[in-house]
Amino acid sequence: MKLFEQQELQVYNSLSKSKEKFKPIHEGAVGMYVCGPTVYSNVHMGNCRTFLSFDLVFRYLKHLDYKVRYVRNITDAGHLENDGESGDDPILKKARIEKLEPMEVVQKYTVDFHTTMAKFNALPPSIEPTATGHIIEQIQIVSDIISEGYAYEKNGSVYFDVIKFNEDHTYGKLSGRNLEDMISNTRELTAQSEKRNPQDFALWKKAEPQHIMHWPSPWSKGFPGWHLECTAMSTKYLGNKFDIHGGGMDLKFPHHECEIAQAEACNHESPVNVWMHANMLTLNGKKMSKSTGNNILPDELFTGNNDILSKAFSATVAKFFMFQAHYRSILDFSNDALEASEKGFNRLMDAYRSLDGISTSEKSSMDISAWRQSCYNAMNDDFNSPILIAQLFEASKFINGLKDGNETISEKDLSILKTTMHDFIFEVLGLVDVASENTGDGNKLEAAITLLISLREKARANKDFATSDQIRDQLLEAGIQLKDGKEGTTFSIQ
RNA sequence: GGCAUCAUGGCCGAGUGGCUAGGCAGAGGUCUGCAAAACCUUCUACAGCGGUUCGAAUCCGCUUGAUGCCUCCA
Numbered sequence: 004m005k006l007f008e009q010q011e012l013q014v015y016n017s018l019s020k021s022k023e024k025f026k027p028i029h030e031g032a033v034g035m036y037v038c039g040p041t042v043y044s045n046v047h048m049g050n051c052r053t054f055l056s057f058d059l060v061f062r063y064l065k066h067l068d069y070k071v072r073y074v075r076n077i078t079d080a081g082h083l084e085n086d087g088e089s090g091d092d093p094i095l096k097k098a099r100i101e102k103l104e105p106m107e108v109v110q111k112y113t114v115d116f117h118t119t120m121a122k123f124n125a126l127p128p129s130i131e132p133t134a135t136g137h138i139i140e141q142i143q144i145v146s147d148i149i150s151e152g153y154a155y156e157k158n159g160s161v162y163f164d165v166i167k168f169n170e171d172h173t174y175g176k177l178s179g180r181n182l183e184d185m186i187s188n189t190r191e192l193t194a195q196s197e198k199r200n201p202q203d204f205a206l207w208k209k210a211e212p213q214h215i216m217h218w219p220s221p222w223s224k225g226f227p228g229w230h231l232e233c234t235a236m237s238t239k240y241l242g243n244k245f246d247i248h249g250g251g252m253d254l255k256f257p258h259h260e261c262e263i264a265q266a267e268a269c270n271h272e273s274p275v276n277v278w279m280h281a282n283m284l285t286l287n288g289k290k291m292s293k294s295t296g297n298n299i300l301p302d303e304l305f306t307g308n309n310d311i312l313s314k315a316f317s318a319t320v321a322k323f324f325m326f327q328a329h330y331r332s333i334l335d336f337s338n339d340a341l342e343a344s345e346k347g348f349n350r351l352m353d354a355y356r357s358l359d360g361i362s363t364s365e366k367s368s369m370d371i372s373a374w375r376q377s378c379y380n381a382m383n384d385d386f387n388s389p390i391l392i393a394q395l396f397e398a399s400k401f402i403n404g405l406k407d408g409n410e411t412i413s414e415k416d417l418s419i420l421k422t423t424m425h426d427f428i429f430e431v432l433g434l435v436d437v438a439s440e441n442t443g444d445g446n447k448l449e450a451a452i453t454l455l456i457s458l459r460e461k462a463r464a465n466k467d468f469a470t471s472d473q474i475r476d477q478l479l480e481a482g483i484q485l486k487d488g489k490e491g492t493t494f495s496i497q
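Just add 3 to wherever you are in the first sequence, counting from 1, and you've got the numbering used here.
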C-alpha cells in the first residue's frame, strides 16, 4: 500500500483561496511546475526560500510514494524591465557591464544557482528546461493564440488582447482582480504604446537593433514575451492540464494570471489544478529584491561576510529557520531569529544522535504511533513544517527522557521512532547533520575525544579539578562540548 | 489610487469558535566537585474599538499600523 493512500494531503490553492484535498489527475503521479530564476545575477536568500519551499513539497510528495515529475525552468532570455519600448533587458544589461556574451552571463548564474541549491541540499528537479531552448514551442503558442483570435500583431510585435479574452473568459481570477477595475484605475500615460490597451501583454517583441538576443519568427526577428515560456514548457512536459504550479507570491500577478490566459486561449482549458504561492522572505521588514539591493546572498550567509549577521550560519540552519515558518507566511530574516533556530537545531540533532544509545523496555511511556501520525498530520495540512518541527521537538524531549531513564520505550516503538525521525528530518525536510558531516574522519576525532574524556574522568576521580576543567573548557573553546550524564560523558560538536 | 494579505507573550513563530503549539531568551528546582548538558516547574499573549455568540485570538464591521502586487522580480 502506498503511503499516499493512508494519508490525506490538503493543499492550499491560491485559485480557490482555500485548502483542498489533493488528488492528482493521474493516480499516483504528480506533475508540478515551478517558476525558476532569471539568471542575470546571483540568487539571494529570498529566491532560495521559494525554491526550498517547493523542494519541501517535492520531497514530501515523493515521501508519500507519489511519482513526481517536477519541472522548474531557467529564464535565460531577458525580459524588458518595463513593457514600453524603452525597456531594458537585465541579461543584456549585465552582459554589457561584465563585458560578456549574454549566454556567458546566463551560464555563470545558472551554475551559481545550481551550486547554491546543492549547498541547501535541495533535490534537482526532474526537468530543468530553458526559455531559449523552447523558442519554437513559444512561437507555436503565439500562432495558436492569434488563430483563436485573442492576439494581434502590431509592427512585428504580438500582443495578447486581454479585453477580447475577458469577453468569454475571466481574466484576473487568480489574483482577485477584475478587468473593469483595472481599466478604470489605470493612470496610463504611455501614449505611443503599440498596445490596444494597457492591460494587454507582449507575446512576441520585435527586437530593437541593440537587442542582441533574438530569433526569427513569422512576425519579426525578435524574442518571446516573459509569460510565454512557462506556458510553453509546462504544457510541453506536463500536458495541457497538470496538478501543481508554484512560484513566488510576487509572480501571482501579472505573470501567473497571464499564463492562465495564454493556456486557456489556446488549449480551451484551465492549465493548472492547484496554484501554490510561496511567500516573501523580508529583510528589515522589506521584501528582498535584486534591484533594490535589499538582500543577502547565500555565500554571505555561509561565510559570515555581511553587515546583517553577527556570525556565519550553515545552509542547513538557514533552511531550518525558514521551515520554522509556514511557506505561505512572510518571514523576516534576522540575526536573533537565526541564532534561536541554530540552537534549536543543534538540540534536535543531539537528541537524534542519542537515539543510538537507547535501551529498550517492555512498554513505551509515550504513544509513538500517535506521535508519528501527528508528524504526518502536520505535513498533510498544507505542508505545515513549523508544526512538524514542533512534533520533532516533542520527540526530542522524550528521547532525552529515555536517556535519563525517566521514560521507557519498547523495541518496536524505538524502531518506529528512529525511522520516523530519520525520514522527516533528512528525507522530508532535507536537513543535514552538519556536525557529523564535519567529522568525515569522525572515528579518529571520536577516539581522541574519548581519550580526553577518560583522562578527565581520572583527574576528577583524583579531585584534580584544575586538569579536568581545563580539558572541558578547552574542548568547549574548540567547539566540542562535553555532557556529563548519568550513563557517563558524551560530547557534541558545534 | 486600486487589489490583496497580515497584526499573537521579551524575541521568532504555529493555531482559526470552547482543550495544547513549538523554538530562543528569562526565573526557580533536580543533577553536578563547580559548571554545562539534560530533566521538571514557571512566565501564558493574541493591535484598538464595537458587534454576533452561552462562549472569540479565531466570525463580522470599523479604526490604526505594516507589507505585497498593480513596472523586471522567488
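Every residue gets a Cβ at the ideal spot worked out from N, C-alpha and C, and that includes glycine.
Asp384 is bridged by DSSP to Gln13. When the five nearest sequence neighbours on each side are left out, the beta carbons in the same chain lying within less than 7 Å of the beta carbon of Phe348 are those of Val320 and Phe323, in order along the chain. Burial state of Thr119 is buried, judged by a 10 Å Cβ sphere holding 16 or more other Cβ atoms.
For Pro105, the enclosing alpha helix (DSSP H) starts and ends at Pro105 to Lys122. Proximity to Asp246 across Asn16, Ala481, Gln9 and Ser495 peaks at Asn16, based on C-alpha coordinates.
Judged by their CB atoms, Gln141 and Ala235 are nearer to each other than the 7 Å cut-off.
For the 7 Å CB-CB criterion, Val74 and Ile149 do not form a contact. Assigned with DSSP and collapsed to three states, Arg475 falls in helix. Within its own chain, the residues whose Cβ lies closer than 8 Å to the Cβ of Gly288, once the five positions on either side in sequence are excluded, are Asp335, listed in chain order. The Cβ neighbour count for Asp339, taken over all protein chains shown within 10 Å, is under 16; the residue is labelled exposed. When secondary structure is reduced to three states using DSSP, Leu334 falls in the strand class. Taking C-alpha positions only, Leu254 is separated from Gln473 by approximately 57 Å.
The beta carbons of Thr411 and Ser368 sit closer together than 7 Å. Within the model, the alpha-carbon separation for Leu6 versus Ile452 is close to 42 Å. Between the segment 31-40 and the segment 67-81, the count of Cβ pairs shorter than 8 Å is three or higher; the stretches touch.
Linking Thr492 to Ala315 through their CA atoms gives a straight-line distance of about 29 Å. Rounded to the nearest angstrom, the gap between the Cα atoms of Tyr69 and Phe386 is 15 Å.
Pairing Ala205 with Gly228 gives a Cβ-Cβ distance under 7 Å. DSSP, read as helix, strand or coil, puts Met352 in helix. Fewer than three pairs of CB atoms, one per stretch, sit closer than 8 Å, so the segment 297-308 makes no contact with the segment 359-374.
Per DSSP, Ser357 lies in no beta strand (DSSP E) segment and is marked neither H nor E. Leu284 has Leu334 as its beta-bridge partners, per DSSP.
For Pro227, the enclosing beta strand (DSSP E) covers residues Gly225 to Pro227. When secondary structure is reduced to three states using DSSP, Arg75 falls in the strand class. The alpha-carbon of Met216 is positioned some 12 Å away from that of Pro93. In the structure shown, Val33 adopts extended strand secondary structure according to DSSP, grouped into three states. Pairing Leu478 with Gln10, the inter-Cα distance amounts to about 46 Å.
The segment 145-164 makes contact with the segment 263-279, as at least three CB pairs between them are under 8 Å.
Residue pairing of Leu485 in beta bridges, as defined by DSSP: Phe494. If you keep only unbroken alpha helix (DSSP H) runs of at least 4 residues inside the segment 255-330, you get 260-270, 301-306 and 318-326. Closest option to Ala318, judged by alpha-carbon separation, among Tyr330, His329, Pro301 and Ser19: Pro301.
Leaving aside the five residues that flank Ser399 on each side, the residues in its chain whose CB is nearer than 6 Å to its CB run, in chain order, Leu351 and Ala354. Around the Cβ of Phe427, a 10 Å sphere holds 16 or more other Cβ atoms; the residue is buried. Val161 and Leu341 have their C-alpha atoms some 48 Å from each other. Per DSSP, Tyr240 lies in no beta strand (DSSP E) segment; the continuous alpha helix (DSSP H) that holds it begins and ends at Leu231 to Leu241.
Rounded to whole angstroms, the gap between the alpha carbons of Pro132 and Gln213 is 27 Å.
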